[in-house]
């Protein structure tokens, strides 16, 4: 006899409460760790070979793409990456704007230079690379820029973040909001060094939390999952024709989890627990749940960073078992690596057809898995 939805939810409360935090510090098997380390080194070799002379990767108009590679290098701390990392830092610093942002203006382009998106990634990467001591003023200015992009107007977008502060219309989404929240929380120690007499800079965390929670579904099978935004659903990818799609989906639900943690919600909070329930119902590494291959490597990256931040070692699944996500994710990335050391997504919906971007996401993921 099948359990009704309410009965399943009651069972999930018990499973999540007993299992998800039971084994902190769970380690990779020796064989998987060796394979993942070799994969990591091969991936960085690919990035070093494909870096442009000016220190960038991919489209140099969007320094955030290169910041992802620098961030992965900063996390890995491999001596072989030192020269490439220094060149990447110099390129990102060259994108500093008078308003404090780290981006390249693109007049006439919808979304402009994606000022908020690029600044958040560059700020985070420079900080991870030791920018607090090397580039303090740049980081302080970038934090002020990010804080200035938060929407203050009451309504649908209040507390959230969009792509660009100069946009002619109010726009926010959970992806941009997560990157802003992530950057401001990970770099908050920079404010300790702000010169005397200057007001410390931060975002409105209460408003940010309210916005994040407004992206979470509360009822039915979608309960606990997160949506991209509350506006008209985005266009569908032709590749998804005939396939089941979810209004809530994997990458945004992990983004929601990480955002909630940054907003200081505890893992005992019922909204956090309901998110684990959604993740357990939709666990897979073969696709980004509800999105197919779209954003797959971003999905891996945010999955790893969210569960690591939450202190989760074994994620409980709906069938009563649990998954060692680090072991499973390491094996998946090793299996998906190309012969030249890169990773690439067959779906270019979110630019992941660019091997530099997908490789940077994969390497960021591996640096978390190998901790």
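Residue numbers (my numbering): 10 to 380.
Where a beta carbon is used, it is the ideal one built from N, C-alpha and C, also for glycine.
Return helix, strand or coil for residue i, following the three-state DSSP convention.
i: residue 105; result: strand
i: residue 113; result: coil
i: residue 210; result: coil
i: residue 225; result: strand
i: residue 133; result: helix
i: residue 364; result: helix
i: residue 323; result: strand
i: residue 236; result: coil
i: residue 331; result: strand
i: residue 46; result: helix
i: residue 347; result: coil
i: residue 181; result: coil
i: residue 5; result: Given that the chain is displayed from residue 10 to residue 380, the structure contains no residue 5 and the question cannot be resolved.
i: residue 176; result: coil
i: residue 98; result: helix
i: residue 52; result: helix
i: residue 385; result: Outside the displayed span of the chain (10 to 380) sits residue 385, for which this structure offers no information.
i: residue 84; result: helix
i: residue 34; result: Low local confidence applies: a pLDDT of 47 at residue 34 is under 50, so the model's placement there is unreliable, with the coordinate-based value given in what follows. Note: residue 34 maps to coil in three-state DSSP.
i: residue 357; result: coil
i: residue 123; result: coil
i: residue 77; result: helix
i: residue 59; result: helix
i: residue 338; result: helix
i: residue 244; result: Confidence is the limiting factor: at residue 244 the pLDDT is only 45, short of 50, which leaves the residue's position unreliable, though a coordinate-based value still follows. Here residue 244 sits in coil by DSSP.
i: residue 146; result: helix
i: residue 164; result: coil
For residue i, tell me which candidate among the options has the shortest Cα-Cα distance.
i: residue 162; options: 180, 148, 147 and 155; result: 180
i: residue 363; options: 67, 54, 41 and 39; result: 67
i: residue 381; options: 336, 357 and 368; result: No answer is possible for residue 381: it lies beyond the span of the chain, which begins at 10 and ends at 380.
i: residue 167; options: 265, 291, 73 and 217; result: 217
i: residue 195; options: 344, 124 and 137; result: 137
i: residue 325; options: 293, 122 and 173; result: 293
i: residue 270; options: 344, 315, 330 and 104; result: 315
i: residue 97; options: 132, 304 and 150; result: 132
i: residue 308; options: 370, 343 and 335; result: 370
i: residue 116; options: 108, 175, 147 and 89; result: 175
i: residue 73; options: 57, 260, 160 and 102; result: 102
i: residue 210; options: 313, 147, 153 and 204; result: 153
i: residue 119; options: 86, 151 and 178; result: 178
i: residue 259; options: 275, 291 and 151; result: 291
i: residue 95; options: 61, 191 and 108; result: 61
Looking at residue i: is its Cβ nearer than 7 Å to the Cβ of residue j?
i: residue 202; j: residue 135; result: no
i: residue 224; j: residue 212; result: no
i: residue 110; j: residue 128; result: yes
i: residue 284; j: residue 233; result: yes
i: residue 354; j: residue 302; result: yes
i: residue 83; j: residue 373; result: no
i: residue 155; j: residue 99; result: no
i: residue 267; j: residue 318; result: yes
i: residue 238; j: residue 172; result: no
i: residue 236; j: residue 262; result: no
i: residue 143; j: residue 199; result: no
i: residue 333; j: residue 342; result: no
i: residue 264; j: residue 187; result: yes
i: residue 113; j: residue 121; result: no
i: residue 57; j: residue 91; result: no
i: residue 105; j: residue 147; result: yes
i: residue 76; j: residue 149; result: no
Verify the CB distance criterion: does residue i have a CB-CB separation below 7 Å to chain C?
i: residue 211; result: In the structure shown, chain C cannot be found, because there is only a single protein chain.
Let me check you understand the geometry: is the CB of residue i closer than 6 Å to at least one non-hydrogen atom of the ligand MG?
i: residue 92; result: Within the structure as shown, the ligand MG is missing, as the structure has no ligands at all.
My parser needs the alpha helix (DSSP H) runs of 4 or more residues fully inside the segment 250-310; what are they? 259-271 and 279-290
Answer yes if the segment 365-380 comes into contact with the segment 34-47, meaning at least three C-beta pairs across the two stretches below 8 Å, and no otherwise. yes
So, does the segment 347-354 touch the segment 294-301, judging by three or more C-beta pairs under 8 Å? no
Could you tell me whether the segment 275-283 touches the segment 325-337, using the rule of 3 or more Cβ pairs below 8 Å? no
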